[in-house]
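Colleague:
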Amino acid sequence: MKLAILSRNTALYSTQRLVDAARERGHSVRVLDPLRCYLRIAPNAFEMHYKGRVLSGLDAVIPRIGTSVTFYGTAVLRQLEMMDCFTPNPSDAILRSRDKLRAHQMLAAQGLGLPTTVVGDNPDDTDDLMTMLGKAPHVIKLNEGTQGNGVILAESASASRSVIEAFRGLYANFLVQEFIGEAKGADLRCFVVGGKVVAAMRRKAKKGEFRSNLHRGGTAAAVSLTKAETETAIRAAKVMGLNVAGVDLLRSRRGPLVLEVNSSPGLEGIEGATGLDVAGAIVDYVAYRHARRKRAQANSPVNKRVKPA
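Under the working numbering, the first residue of the sequence shown is numbered 636, with each subsequent residue one higher.
1) Where are the alpha helix (DSSP H) runs, 4 residues long or more, that stay fully inside the segment 846-916, in chain order?
2) Given this structure, state the Cα-to-Cα distance separating residue 930 from residue 794, to the nearest angstrom.
3) Determine the contact status of residue 833 and residue 913, defining contact as a CB-CB distance below 8 Å.
4) Suppose you measure from the CA of residue 779 to the CA of residue 934; what does that come to, to the nearest Å?
5) Measuring only the C-alpha atoms, how far is residue 639 from residue 652?
6) Return the residue from the list 922, 787, 936 and 926 that minimises the CA-CA distance to residue 658.
7) Compare the Cα-Cα distances from residue 644 to each of 694, 701 and 909 and report the closest residue.
8) In whole angstroms, what separates the C-alpha of residue 707 from that of residue 746?
9) Over the uninterrupted alpha helix (DSSP H) stretch that includes residue 799, give me the two end residues.
10) Going by other Cβ atoms of all chains shown within 10 Å of its Cβ, with 16 needed for buried, is residue 689 buried or exposed?
11) Please determine, among 751, 857 and 762, the residue with the shortest C-alpha to C-alpha distance to residue 811.
12) In angstroms with no decimal places, state the Cα-to-Cα distance between residue 766 and residue 882.
13) Between the beta-carbon of residue 670 and the beta-carbon of residue 683, is there less than 8 Å?
14) Around the C-beta of residue 676, are 16 or more other C-beta atoms found within 10 angstroms, so that it is buried, or is it exposed?
15) Would you call the CB atoms of residue 663 and residue 650 closer than 8 Å?
16) Just how far apart, CA to CA, sit residue 703 and residue 897?
17) Specify the secondary structure class of residue 925 as computed by DSSP and reduced to three states.
18) Give, in chain order, every unbroken run of the alpha helix (DSSP H) that is at least 4 residues long and sits entirely within the segment 658-716.
19) Identify which residue in 719, 648, 646 and 656 has its Cα closest to the Cα of residue 920.
20) To the nearest whole angstrom, what separates the beta carbons of residue 840 and residue 824, a pair I think is in contact under 8 Å?
21) Give the DSSP-derived three-state secondary structure of residue 945 in the structure shown.
22) Using the C-alpha atoms, what's the distance from residue 880 back to residue 900?
23) Return helix, strand or coil for residue 734, following the three-state DSSP convention.
Quick look at the structure:
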């Protein structure tokens, strides 16, 4: 299999682990910086160049697209899809998951548990918006934040109003959510590959912090999921259309609640906490899907030679 990994930095742990896992399995692999890919778009003719050379013959691509390059990165991925290159996470699925508001609407429509969320645009509606949500504390988060950036805990209604006013002053898109106190600053990262949870860890926020992200000093350990947690993680990834996803859950009195579905989940934390070869699971899944596609194409009536009568 000729595999590409869309990543801006070959030195990143996740990128390097995917490269190593692919090579260990005998696949040809290269890392492509999506910002160095450029596209020619014409009727039924899609072409891509990379650093001055035509890019062709790829069987599959694993996208590791950061939030700062979502627009162009997904355009590059979409072009590769149109050039018949398989990807476990389609461009549209990545765009869905990156928009927290859209993702929450889609998850709620399928009955998945999540923290009650409110959204409003006009300052005149703030008081009623707070009434819809309920009493503080509230969690206020930017719609496209990542790794805990742009997430604020407001301990009182007045604090919530102040943060909301500040975000509106910056013309930022944001959500306001109920605070799940019983989670006690911990969440679950469930790593889903091909409709299965291949690894899971419990992340705990450091003292004085409510965000459990490892980038913010949180700690992680392997965890056994309940049946409900496993099913919720798998369903959440499926709703987003992602075959590789990091699904973040909170344990609450009313069952598992989905916080976020991440389309480019990091590998360092989950592999370090569990000791599992998550990169290998991703590559194996991509290779399996590629082989299945090749068989299907070979058996297609279009590709079978018709004998003359």
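All C-beta atoms, glycine included, are put in the ideal place defined by N, C-alpha and C.
Modeller: Looking at the coordinates:
1) Counting only unbroken stretches of 4 or more residues, the alpha helix (DSSP H) elements lying wholly within the segment 846-916 are 862-875 and 903-909, in sequence order.
2) Cα to Cα, residue 930 sits roughly 59 Å from residue 794.
3) In contact: residue 833 and residue 913 (Cβ atoms closer than 8 Å).
4) The straight-line gap from Cα to Cα measures roughly 43 Å.
5) About 13 Å.
6) Of 922, 787, 936 and 926, the residue nearest in Cα terms is 922.
7) Checking every option, the nearest Cα to that of residue 644 belongs to 701.
8) Distance from the CA atom of residue 707 to the CA atom of residue 746, rounded to whole angstroms, is 32 Å.
9) First-last of the alpha helix (DSSP H) with residue 799: 792-804.
10) Classification for residue 689: exposed.
11) Per the Cα distances, 751.
12) The C-alpha of residue 766 lies about 29 Å from the C-alpha of residue 882.
13) Between residue 670 and residue 683, the C-beta gap is not smaller than 8 Å, which leaves the two residues out of contact.
14) Of the residues assessed, residue 676 falls on the exposed side of the cut-off, its CB having fewer than 16 other CB atoms within 10 angstroms.
15) No, the Cβ-Cβ distance between residue 663 and residue 650 is not below 8 Å.
16) About 14 Å.
17) Correct three-state label for residue 925: helix.
18) DSSP assignment within the segment 658-716 yields no whole alpha helix (DSSP H) run of 4 residues or more.
19) Across the set 719, 648, 646 and 656, the C-alpha of 656 shows the shortest separation from the C-alpha of residue 920.
20) The Cβ separation is near 13 Å, so there is no contact.
21) Residue 945 is absent from the structure shown; the chain starts at 636 and stops at 944.
22) The alpha-carbon of residue 900 is positioned some 6 Å away from that of residue 880.
23) Secondary structure at residue 734: coil, using DSSP grouped into helix, strand and coil.
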